[in-house]
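According to my numbering, the sequence shown is numbered sequentially starting from 38. A quick write-up on the structure given underneath.
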Amino acid sequence: MATDDLAWITAVRADDLRGFGVEQFDDETPAQALTRLAEEMDVDLHRVGRCLALLKQEPCVLAGGAPMAVLGYSPRSDEALSGR
(Lines of atoms letter the chains of each structure in order from A and count residues from 1; the text may use other names and numbers.)
(Lines give C-alpha, C1' and ligand atoms only; values in the text may rest on other atoms or scores of the structure.)
Protein backbone atom coordinates (compact mmCIF):
# COMPACT_ATOMS: atom_id res chain seq x y z
CA MET A 1 0.00 0.00 0.00
CA ALA A 2 1.26 3.45 -0.80
CA THR A 3 2.44 5.55 2.11
CA ASP A 4 0.77 8.55 0.43
CA ASP A 5 -2.50 7.02 1.60
CA LEU A 6 -1.48 7.99 5.14
CA ALA A 7 -0.02 11.45 4.45
CA TRP A 8 -3.21 13.13 5.67
CA ILE A 9 -2.67 11.81 9.21
CA THR A 10 0.18 14.27 9.79
CA ALA A 11 -2.31 17.15 9.44
CA VAL A 12 -4.47 15.89 12.34
CA ARG A 13 -4.16 18.16 15.38
CA ALA A 14 -5.00 17.67 19.04
CA ASP A 15 -7.92 20.09 18.61
CA ASP A 16 -9.31 17.88 15.83
CA LEU A 17 -9.23 14.87 18.14
CA ARG A 18 -10.84 16.76 21.03
CA GLY A 19 -13.60 17.97 18.70
CA PHE A 20 -14.60 14.35 18.13
CA GLY A 21 -14.06 13.21 21.72
CA VAL A 22 -10.93 11.19 20.91
CA GLU A 23 -8.57 10.81 23.85
CA GLN A 24 -4.91 11.61 23.26
CA PHE A 25 -2.56 10.28 25.91
CA ASP A 26 0.32 12.44 27.16
CA ASP A 27 2.95 10.35 25.38
CA GLU A 28 1.09 10.29 22.03
CA THR A 29 1.15 12.55 19.04
CA PRO A 30 -2.23 13.24 17.42
CA ALA A 31 -1.29 10.85 14.60
CA GLN A 32 -0.47 8.10 17.09
CA ALA A 33 -3.76 8.65 18.93
CA LEU A 34 -5.69 8.44 15.66
CA THR A 35 -3.81 5.31 14.63
CA ARG A 36 -4.50 3.69 18.01
CA LEU A 37 -8.21 4.49 17.74
CA ALA A 38 -8.34 3.15 14.19
CA GLU A 39 -6.72 -0.11 15.30
CA GLU A 40 -9.18 -0.43 18.21
CA MET A 41 -12.12 0.09 15.85
CA ASP A 42 -10.63 -2.01 13.01
CA VAL A 43 -10.56 0.94 10.59
CA ASP A 44 -8.23 0.77 7.58
CA LEU A 45 -6.56 4.19 7.50
CA HIS A 46 -5.14 3.50 4.03
CA ARG A 47 -8.72 3.21 2.73
CA VAL A 48 -9.65 6.41 4.54
CA GLY A 49 -6.74 8.15 2.81
CA ARG A 50 -7.82 6.87 -0.59
CA CYS A 51 -11.37 8.06 0.12
CA LEU A 52 -10.07 11.52 1.02
CA ALA A 53 -8.03 11.60 -2.19
CA LEU A 54 -11.15 10.74 -4.18
CA LEU A 55 -13.10 13.51 -2.48
CA LYS A 56 -10.36 16.02 -3.34
CA GLN A 57 -10.39 15.13 -7.06
CA GLU A 58 -13.72 16.79 -7.75
CA PRO A 59 -16.87 17.77 -5.89
CA CYS A 60 -18.68 14.63 -4.79
CA VAL A 61 -20.60 13.06 -1.95
CA LEU A 62 -20.10 9.54 -0.65
CA ALA A 63 -22.60 7.54 1.37
CA GLY A 64 -21.56 4.43 3.25
CA GLY A 65 -22.97 1.54 5.22
CA ALA A 66 -23.28 1.03 8.96
CA PRO A 67 -22.46 3.14 10.77
CA MET A 68 -23.79 5.53 8.17
CA ALA A 69 -21.39 8.17 6.94
CA VAL A 70 -21.84 10.94 4.43
CA LEU A 71 -18.67 12.76 3.41
CA GLY A 72 -18.22 15.86 1.34
CA TYR A 73 -15.22 17.93 0.33
CA SER A 74 -14.82 21.49 -0.81
CA PRO A 75 -11.56 23.22 -1.77
CA ARG A 76 -12.68 26.00 0.59
CA SER A 77 -12.08 23.68 3.53
CA ASP A 78 -8.37 23.51 2.61
CA GLU A 79 -8.28 27.30 2.50
CA ALA A 80 -9.98 27.57 5.88
CA LEU A 81 -7.61 25.09 7.48
CA SER A 82 -4.53 26.78 6.07
CA GLY A 83 -5.70 30.21 7.24
CA ARG A 84 -5.97 31.76 3.77
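Ideal Cβ positions, reconstructed from N, Cα and C, are used throughout, including at glycine.
Is it a yes or a no for the region 83-91 touching the region 47-57, going by three-plus beta-carbon pairs under 8 Å?
-> no
State yes or no: is the C-beta of Leu43 within less than 8 Å of the C-beta of Leu82?
-> As a working mapping, residue 43 is identified with position 6 in the sequence shown. As a working mapping, residue 82 is identified with position 45 in the sequence shown. Yes, they are a contact pair.
Helix, strand or coil at Glu76 according to DSSP, with G and I counted as helix = If you number the sequence shown from 1, residue 76 lands on position 39. Three-state result, Glu76: helix.
Assign Arg84 to one of three DSSP states: helix, strand, or coil.
-> Translated into the one-based positions of the sequence shown, residue 84 becomes position 47. Here Arg84 sits in helix by DSSP.
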